[in-house]
C-alpha cells in the first residue's frame, strides 16, 4: 500500500489555505532508476523513494512534515482523527483532505470533509472512489478523475458502529494482515534520546558511528518486569566496562551516535514493510557520509519493498545526493508558506549536469537569506559590540 498524493484544503499558514504534495514522478523515468530512485506502481506510474523538503528558516518545512505525518497516521497507520493528530493544529474550522492510495488491484481516491471545532474534531462526510488497476493502466488514466468509480460514502453507511473520528478507509485497512506503517522522528529534532533499539542491534552499526567503541550490547540479565533495557558499553583502551540505563546513554554516546541509531532502527522497520520514515532536519548531529548512507538505504538494492524516506534539510549540499529534481520540494514564505517541486520552479533551467546545491546557492530559487538581512544582522551585532552592550552585567 502506497500513498501517492495528498492535498488539504482549509489549512492555516499556507497560501490559498491549501497544502499539496505528490509522491509520484512528473519527469521521465529511466530503466536504471526503477528499484532505486523510484518504485514502479504499475506500468508508467512511479512512486518516489525519497522526498526532500528544503527552504529558508521558518518557511514551513517542519509544518509540512507535521501535516504529512498527520495524514499518514490516519490513512496508513489506521489511527483516529483526534486533537493529538499532528495535522489538526493546522486545520481551519472546516477542511477537506484529498488522498490517493494504491493497494494491490485498486487506486483509492479519498475525500474526507472534516469539522475542527474548539471542543471536537471529526469526519463530517467522506467519499471514496476507486480505479481498477488493469494491464492497460497508465499515469494518464490515473490522473483523470473521470476514470474512478464510486465505491463508498460515509453518508450511505450505518454509522452506529463507526466512530465519528475514524475514517471509513479504516474498513479497508482493517482487512490488511499488515500495514505499510509510517514512522517519524520529528520529536527527536530538539530532544535526542534512544527510542528505537533491538537486541539484535549490530555492534558494527555502533562502531560505524563511534570507532572508539569496542563493545555495545543490550544487557542479557535484565529483570523480566523491568521494561527499560540496560546497556553494556566498553571503549577501546579503557579497561572498565560501563553498564548504563537507557536514559543515561547520553553520558557515554555522542548526540550523533544516538540520533543515527534511532534512524537505523526505523530504517530496518520500514525497509522490511515498505513503510515510510519522516525525519526533520536530517543533518542534525550527523556528518555528510552518514546522511548519504541513510538516503542510499532507500535508493539502493535493499529497498525491495518500496519504502519511502521523507526528510527536511537546511543544507542544500545534502540535495546533491538526490538524483531527481521532482523528488525535492521547496518551501517559501509569500507571506504565508507555499510548497512547490524544485523541478517546477526550475522550469527549462532543470538540467542534470548542474549540481542542485549550485542552483540553490546561485539564488535562482529564493531559499537563501537575503544579503540585506545578512548585512543588517552583522551591523547590529557590530554596533552592540562597540557599545559594550554584549558584556554580561553583574
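Numbering (our numbering), first residue to last: 1 to 394.
No residue lacks a Cβ here, since even glycine has one placed at the ideal position from N, Cα and C.
Computed from a predicted structure; not experimentally measured.
{"Item": "Member of 323, 130, 2 and 120 whose CA lies at the smallest distance from the CA of residue 76", "Value": "2"}
{"Item": "Beta-carbon proximity of residue 328 to residue 52, cut-off 8 Å", "Value": "yes"}
{"Item": "The stretch 158-170 touching the stretch 68-82, judged by at least three CB pairs closer than 8 Å", "Value": "yes"}
{"Item": "Local conformation of residue 57 per DSSP, three classes", "Value": "coil"}
{"Item": "Proximal residues to residue 21 (C-beta, below 8 Å), its chain only, five neighbours per side dropped", "Value": "5, 6, 7, 51, 64, 68, 329 and 339"}
{"Item": "For residue 10, the three-state DSSP class (helix, strand or coil)", "Value": "strand"}
{"Item": "DSSP beta-bridge partners of residue 113", "Value": "96 and 125"}
{"Item": "Status (buried if at least 16 other CB within 10 Å, exposed otherwise) for residue 34", "Value": "exposed"}
{"Item": "Close-in-space but distant-in-sequence residues of the same chain around residue 256 (CB under 7 Å, 5 per side omitted)", "Value": "209, 285 and 286"}
{"Item": "Rounded C-alpha distance that separates residue 99 from residue 234", "Value": "49 Å"}
{"Item": "Host beta strand (DSSP E) of residue 214 (start-end)", "Value": "213-218"}
{"Item": "Buried or exposed (CB count within 10 angstroms, at least 16 for buried), residue 384", "Value": "exposed"}
{"Item": "Residue interval of the beta strand (DSSP E) (run including residue 283)", "Value": "Segment: none, residue 283 is in no beta strand (DSSP E) and carries neither H nor E."}
{"Item": "Beta strand (DSSP E) runs contained entirely in the stretch 328-392, provided each spans 3 or more residues", "Value": "328-333 and 337-341"}
{"Item": "Span of the alpha helix (DSSP H) around residue 241", "Value": "Per DSSP, residue 241 belongs to no alpha helix (DSSP H) and is neither H nor E."}
{"Item": "Residue 140 - containing beta strand (DSSP E), residue span", "Value": "From DSSP, residue 140 is part of no beta strand (DSSP E) but of the alpha helix (DSSP H) over 139-143."}
{"Item": "Between the CA atoms of residue 377 and residue 126 - distance to the nearest angstrom", "Value": "50 Å"}
{"Item": "Three-state class that DSSP yields for residue 19 in the structure shown", "Value": "strand"}
{"Item": "Spatial neighbours of residue 323 in its chain, beta-carbon cut-off 6 Å, leaving aside the 5 residues before and after", "Value": "37"}
{"Item": "Residue-level contact to chain C via CB, residue 56, 8 Å cutoff", "Value": "This model lacks chain C altogether; it includes just one protein chain."}
{"Item": "Residue interval of the beta strand (DSSP E) (run including residue 184)", "Value": "182-184"}
{"Item": "Alpha-carbon spacing of residue 310 relative to residue 87, whole angstroms", "Value": "16 Å"}
{"Item": "According to DSSP, residues forming a beta bridge with residue 40", "Value": "46"}
{"Item": "Sequence-distant residues of its chain with Cβ nearer than 8 Å to residue 92 (five each side left out)", "Value": "10, 11, 12, 17 and 116"}
{"Item": "Residue 105 (DSSP reduced to helix, strand or coil)", "Value": "coil"}
{"Item": "Simplified DSSP state of residue 255, which is helix, strand or coil", "Value": "helix"}
{"Item": "Backbone CA spacing between residue 388 and residue 381 [nearest angstrom]", "Value": "10 Å"}
{"Item": "Check whether residue 271 and residue 303 have beta carbons under 8 Å apart", "Value": "yes"}
{"Item": "Backbone secondary structure at residue 4 - three-state DSSP", "Value": "strand"}
{"Item": "Assigned secondary structure, residue 276 (DSSP; H/G/I helix, E/B strand, else coil)", "Value": "strand"}
{"Item": "Delimiting residues of the alpha helix (DSSP H) encompassing residue 207", "Value": "203-209"}
{"Item": "Bridge partner(s) assigned by DSSP for residue 51", "Value": "310"}
{"Item": "Exposure label - residue 238; buried when at least 16 CB within 10 Å", "Value": "exposed"}
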